[in-house]
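Residue numbers (the numbering used here): 40 to 121.
A short worksheet on the structure shown next.
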């Protein structure tokens with residue numbers, strides 16, 4: 040049986056990967072699926088440089104998107120996290 044995905048904690052936030060939910064101080068924060076994947080990628084690699092190629096591979100799964108899609112994703116995450 041596979042190990043469950045860990046809940047990642049940072050600051051006041053919990054990123055519950057198994058249930059695909061972000062919580063701030065226990066209160067759910069709404070995030071779209073791609074944005075959740077992007078945040079999980081960034082938090083899972085805290086302190087590392089995450090390349091554009093890694094985003095395209097792990098968030099968009101190789102689907103071609105514009106650079107603006109990545110910019111919008113980061114902008115949305117910044118707003119969600121304040």
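Quick reminder that beta carbons are idealized off the backbone N, C-alpha and C, glycines included.
According to DSSP, residue i sits in a beta bridge with which residue or residues?
i: residue 61; result: 54, 68
i: residue 46; result: 55
Quick check: what's the CA-CA separation for residue i versus residue j?
i: residue 112; j: residue 73; result: 8 Å
i: residue 84; j: residue 110; result: 19 Å
i: residue 95; j: residue 60; result: 21 Å
i: residue 70; j: residue 54; result: 11 Å
i: residue 46; j: residue 58; result: 9 Å
i: residue 114; j: residue 121; result: 10 Å
So, residue i versus residue j, is the Cβ gap smaller than 9 Å?
i: residue 116; j: residue 88; result: no
i: residue 119; j: residue 98; result: no
i: residue 68; j: residue 52; result: yes
Assuming the contact rule is C-beta atoms closer than 8 Å, residue i and residue j should be a hit. Round their C-beta distance to whole Å, please.
i: residue 93; j: residue 56; result: Not a contact, Cβ separation roughly 17 Å.
Quiz prompt | contact_flag[the segment 61-69, the segment 96-112] where n(CB pairs < 8 Å) is 3 or more | solution = No, they do not touch.
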